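Q:
Residue numbers (the numbering used here), protein chains in the order written: chain A, 1 to 222; chain B, 1 to 248.
#1: State yes or no: is the beta carbon of residue 207/B nearer than 8 Å to at least one beta carbon in chain A?
#2: Quickly, what does DSSP pair residue 8/B with across the bridge? List them, please.
#3: So, is residue 177/A buried or exposed, given that buried needs 16 or more other C-beta atoms within 10 angstroms?
#4: Taking only beta-carbon positions, decide if residue 83/A is within less than 8 Å of chain B.
#5: Would you mind sorting residue 19/A into buried or exposed? The rule is 16 or more other CB atoms within 10 Å of its CB.
#6: State yes or no: is the beta carbon of residue 167/A nearer than 8 Å to at least one beta carbon in chain B?
#7: Can you tell me where the alpha helix (DSSP H) with residue 69/B in it begins and where it stops?
#8: Is the beta carbon of residue 230/A less than 8 Å from the beta carbon of residue 234/B?
#9: Cβ closer than 7 Å: which chain A residues qualify as neighbours of residue 212/B?
#10: Can you give me the start and stop residues for the beta strand (DSSP E) that residue 98/B sits inside?
#11: When DSSP labels each residue in this structure, what does residue 211/B get in the three-state scheme?
#12: Would you say residue 173/A reaches chain B, if we count a Cβ-Cβ gap shorter than 8 Å as a contact?
#13: Between residue 162/B and residue 225/B, is the Cβ-Cβ spacing less than 8 Å?
#14: Are the segment 195-204 of chain A and the segment 75-90 of chain B touching by the rule of at least three beta carbon pairs closer than 8 Å?
#15: Please list, in chain order, the residues of the segment 165-193 of chain B that have any C-beta partner in chain A closer than 7 Å.
#16: Cβ atoms of residue 33/B and residue 69/B: under 8 Å apart, would you say?
#17: Based on DSSP bridge pairs, tell me the residues matched to residue 153/B.
#18: DSSP state of residue 87/B, grouped into three classes?
#19: Going by CA-CA distance only, name the one from 23/A, 70/A and 148/A that's closest to residue 218/A.
#20: Closer than 7 Å by beta-carbon distance: list the chain A residues that pair up with residue 36/B, in chain order.
#21: Just verifying my parser: in three-state terms, what is the DSSP assignment at residue 137/B?
#22: What are the boundary residues of the alpha helix (DSSP H) that residue 242/B is part of?
#23: Could you work out which residue in 180/B, 248/B, 27/B and 9/B is closest to residue 21/B when comparing CA atoms only?
#24: For residue 109/A, which option in 239/B, 241/B, 217/B and 238/B has the closest C-alpha, if you only look at C-alpha atoms?
#25: Could you name the residues of the same chain whose beta carbon sits closer than 6 Å to that of residue 53/B, not counting the 5 residues immediately before and after it, in chain order?
#26: Taking the alpha carbon of residue 207/A as the point to measure from, which residue in 24/A, 128/A, 71/A and 49/A has its own alpha carbon closest?
#27: Within this structure, are the beta carbons of residue 96/B and residue 1/B separated by less than 8 Å?
#28: First and last residue of the alpha helix (DSSP H) that includes residue 132/A?
#29: Considering only residues of the same chain and omitting the five flanking positions on each side of residue 179/B, which have a CB-CB separation below 7 Å?
#30: Relative to chain B, which residues along the segment 181-192 of chain A have a C-beta separation below 7 Å, given in chain order?
#31: Residue 79/A lies in the beta strand (DSSP E); which residues open and close that run?
#32: For chain B, check one thing: does any of its Cβ atoms lie closer than 8 Å to the Cβ of residue 13/A?
#33: Would residue 237/B count as contacting chain A if we go by Cβ distances under 8 Å?
#34: Taking only three categories from DSSP, how would you classify residue 109/B?
#35: Please list the residues of the segment 55-74 of chain A that have a C-beta atom closer than 8 Å to any C-beta atom in chain B, keeping them in chain order.
#36: In chain B, which residues lie less than 7 Å from residue 40/A when you measure between Cβ atoms?
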């Protein structure tokens, strides 16, 4: 085998590391977005000020570049892994009941990942792109009025439903992805592997429920 | 009991195969699955037909030779069982049973249900051993090994190399087999010495054979006749990553 060819375990390491960074980002993103749940007047100025603070901070800029790189690498490696796996298992069974011994979401990480990717494209287009490159009105404090954009977008019911469905897909992706990343990086001790599984479950449900709650709250209660 | 069988027939590695139907009467429910195939083969011989070829050896669940995909499950519908330890009482009267070889690009079909698992042998040849001069058996207590460690190493060493882990894996990954072999040796003082070079060589060979990536679905552990833990895969990853970081 040529030395240029990356080993399968290294590819999985990159998937795990980029995936865990994206998990870390989800925590920061959710904590910031929870400000949207504050009373309207307070949330309006505070959320816009927070967005302005983030866009001017060098540390956040570095994190955002790592974020773009992580998303790109995670997607590219997912494609590479899928191609290799398809090649390795090209011969299909005529009668296949292998699914009886594993969880459906562990076998469909690619499908769940594709749903999340489509969601990200929509999400970036509607908020990130408009904030960075679009024309947004200013609020009374002189910051770009991202809050009004968010509440306007979340007033559409179909959009809220799309968000919730995508958060369910994300939840299943994380349910498998979080513990799988730890295994890939080599957590073999039964005690810690067990704890990480439990933590992964709690993490996935809390993060995704939090993200799903925001559009629902804004749509129905604001 | 009466059963209907759909069996993969393929004359040679290059021939195109297909599923063929057979029926069998007077099957004793206490027969093993392989005895049922013997019975079918006797009937085929009497009719002058080519017998169904399948791998088997010890027929007591320890050699790892037998391995058939039965009704879409590796070694049949029971968990942690070899094909030879599966009995006909597991099936219903009149049931249709589908038999296929374990399928993976790295396990080419040789004939009917018989596959070429020499990819596993080459992974072992790449590093699944310790480099010591052989001679008379040394004194067993000259290198002390704690009982829990010996048991853990033996749990990994119990892998019989049947290939069910690859057969059940959606990616045809050999991570459980390779992980078990790496774990077994690294746990013991004799094997620990060469652990860095071993893990790299064995993983290289695993990749070269064309096995897929491990997605941690854990299906392999559920079907493994020896209940080899998926944590051995994590240990392989740990050993591999450690070797990558520490290599000179």
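Every residue, glycine too, gets a C-beta built ideally from N, C-alpha and C. On a predicted model such as this, the values are computed, not experimentally measured, just so you know.
A: This is what the structure holds:
#1: yes
#2: Answer is 19/B.
#3: buried
#4: no
#5: buried
#6: Under the Cβ criterion of 8 Å, residue 167/A is not counted among the residues facing chain B.
#7: Run containing residue 69/B: none in the alpha helix (DSSP H); it sits in the beta strand (DSSP E), 68-70.
#8: Outside the displayed range of chain A (1 to 222) lies residue 230/A, so it cannot be described from this structure.
#9: 84, 85, 88 and 89
#10: 96-101
#11: coil
#12: Residue contact check for residue 173/A against chain B: no CB pair falls below 8 Å.
#13: Yes.
#14: Between the segment 195-204 of chain A and the segment 75-90 of chain B there are fewer than three inter-stretch CB-CB distances shorter than 8 Å, so the stretches are not counted as touching.
#15: 168, 170, 171 and 172
#16: The Cβ atoms of residue 69/B and residue 33/B do not sit closer than 8 Å to each other.
#17: Checking the DSSP bridge columns, you'll see residue 153/B has no partner listed.
#18: strand
#19: Out of 23/A, 70/A and 148/A, 148/A has the C-alpha closest to the C-alpha of residue 218/A.
#20: Per Cβ cutoff of 7 Å: no residues; residue 36/B is ~18 Å from chain A at best.
#21: coil
#22: 231-246
#23: 9/B
#24: Nearest of 239/B, 241/B, 217/B and 238/B to residue 109/A, Cα basis: 217/B.
#25: 111, 112 and 114
#26: 24/A
#27: no
#28: 130-133
#29: Excluding positions up to five away in sequence, the list reads 232, 233, 235 and 236.
#30: 183, 184, 185, 186, 187, 188 and 190
#31: Element bounds for residue 79/A: not the beta strand (DSSP E) but the alpha helix (DSSP H), 58-88.
#32: yes
#33: At a cut-off of 8 Å between beta-carbon atoms, residue 237/B makes contact with chain A.
#34: strand
#35: none
#36: Within chain B, no residue comes near residue 40/A; the closest Cβ sits about 44 Å away, beyond 7 Å.
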